[in-house]
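Working notes, structure below.
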Amino acid sequence: MFTLIFSKNKGKIGCPSFFWQIWAAVLLCLWGLAGSPAWGATHLKAQEEAALFSLADLDAVDLSTKTVTVELYVSPHPELNACRRMLPQAWERVVRFYARLGVNLVQAPAQTQPGGLAPARRLRVELLPHKEWLNRSFKAFNVAPPFRLRFLQVCRDKCAFAHLPLSTIHISFKRFEETELRSSPGKAGQNHRDWLANLIIHELGHLMGLYHAHEFANDKIPEVLPDKTPNFMSQKIAFKPQLGFVEQQKRLVHSYLSQGKVFRQYEQVDFDPLRYLELVKVHNGFKEHLPKVAKIAQKVKKGKAKTFDDDDEDDED
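For the sequence shown, this note's numbering assigns the number 1 to the initial residue and increments by one for each residue that follows.
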């Protein structure tokens, strides 16, 4: 499960590592109470598991152009009127971005009921009225009624979920408007279409096997590229006219889409991203970013504590 968490005062995504850990723990708890399936498709020996989940060697990666079919469904509900107006241009931008990654997105007619969806081959993006988005989220996460209030409290600032096991993205357009459009009244038109495009670009990245750029501190996937362009899997993509990626992300995507090593990794965990991240972290020696409080404590121990007058880039988190 991957989420977007929005900062209402800065018009961008904000998901500190410690909050993600809390969010993941809550969901795991909810799933456990609701009765979730066992992890893993097959049992691997320790050495086999370490070899499979190592990202240092992705085996031979086929970088030829991959074609992925995407059902783009927009609810006929009046709540989605503005979405229907801006989506065609936003989708063109999504297609252009993935062409740079060597992925050819083909839009398929989308009916109310999804067609034959399949990981890495046929995906679906659903833009929904808010109540329907909530109901589908409850169902996708298998959240039983007694735990739905707790779920709502945790995801109160989110508008999109990418469900890798379902090959589906659910977006609440009303929540999108509330958290982004209304928080930035000075931005309109093309800026809003760019932000909707960026949101879809980001979520599709999750359905192609990618995790957040801020997930680990030492995996060589930066949130911002050297030319200051935001990584498309980062938190800093709202209203940005251009997004970028690094070669490692391109290789991960093509390994997944060609059913190579990354695809086999996800198969091993039944396409559960939380379990996938856990194993990738363990078998690659990745470290999570320290919460801001822990960073300050470390600086205090080293005698490098900042004053309130010092510039602190962490404030953006």
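Idealized CB from N, CA, C, for every residue including glycine. Note that the structure is a prediction, hence the values are computed from the model and not measured.
Could you pull the start and end residues of the alpha helix (DSSP H) that residue i belongs to?
i    : result
L123 : Looking at the DSSP string, L123 is not in any alpha helix (DSSP H); the run it does join, the beta strand (DSSP E), is 122 to 128.
N104 : Not the alpha helix (DSSP H): N104 falls in the beta strand (DSSP E), residues 103 to 108.
S255 : 247 to 257
E92  : 81 to 100
K174 : 173 to 176
E49  : 46 to 53
H283 : 273 to 284
F151 : 148 to 154
F263 : 261 to 268
Less than 8 Å between C-beta atoms, sequence neighbours within five positions excluded: which residues of the same chain meet that for residue i?
i    : result
L87  : L72, V74, L127, L196
L44  : L52, Q268
A90  : R193, D194, L196, A197, I200
T112 : Y73
G244 : L225, D227, T229, P230, N231, F232
E177 : A82
Could you compute how far the alpha carbon of residue i sits from the alpha carbon of residue j?
i    : j    : result
L63  : R251 : 7 Å
R171 : V70  : Just to set this straight, residue 171 is Ile in the shown sequence, not Arg. Roughly 15 Å separates the two Cα atoms.
E278 : L207 : 18 Å
V106 : D57  : 30 Å
N135 : R100 : 35 Å
S258 : P273 : 19 Å
T227 : P146 : The sequence given here has Asp at residue 227, not Thr. Taking the straight line from one Cα to the other gives about 48 Å.
K220 : G205 : 17 Å
G115 : R124 : 9 Å
S137 : Y256 : 25 Å
V224 : A110 : 34 Å
F271 : T42  : 13 Å
V282 : P222 : 20 Å
N284 : Q47  : 13 Å
N81  : E247 : 38 Å
C155 : E79  : 20 Å
W133 : T67  : 28 Å
R85  : N191 : 14 Å
Between which residues of its own chain and residue i is the CB-CB distance below 7 Å, once the five residues before and five after are set aside?
i    : result
S210 : The identity of residue 210 in the sequence shown is Leu, whereas the question assumes Ser. Same-chain partners within the cutoff: M233, Q249, L252, V253.
N218 : F286, K287
C83  : V74, L127, F173
E313 : Low confidence applies here, because E313 scores a pLDDT of 41, under 50, leaving its location unreliable; read the following figure in that light. Taken in chain order, the list of residues that qualify is empty.
P76  : none
V61  : R251, H254, S255, G260
Y276 : Q265, Y266, V269
With a CB to CB cut of under 6 Å and the five nearest residues on each side skipped, what residues in its chain are close to residue i?
i    : result
Q242 : T229
E49  : none
A108 : T69, E71
V95  : L105
F97  : I201
T65  : G102, N104
V280 : F53
R335 : Since the first residue shown for the chain is 1 and the last is 317, residue 335 is missing from the structure and cannot be characterised.
Report back the beta-carbon spacing between residue i and residue j to the nearest angstrom; my notes put them in contact at under 8 Å.
i    : j    : result
R175 : H130 : 6 Å
E203 : I169 : 5 Å
K261 : D59  : 5 Å
Counting along the chain, where does the beta strand (DSSP E) carrying residue i start and finish?
i    : result
E71  : 66 to 74
F161 : 160 to 163
*Answer yes if the segment 47 to 64 comes into contact with the segment 261 to 279, meaning at least three C-beta pairs across the two stretches below 8 Å, and no otherwise.*
Inter-segment contact for the segment 261 to 279 and the segment 47 to 64 is present: three or more beta-carbon pairs are separated by less than 8 Å.
*Any chance the segment 114 to 131 sits against the segment 153 to 169, with 3 or more Cβ pairs inside 8 Å?*
Yes: the two stretches touch, three or more of their Cβ pairs being nearer than 8 Å.
*Is there contact here, the segment 151 to 159 with the segment 135 to 143, by at least three beta-carbon pairs under 8 Å?*
Enough Cβ pairs lie closer than 8 Å, so yes.
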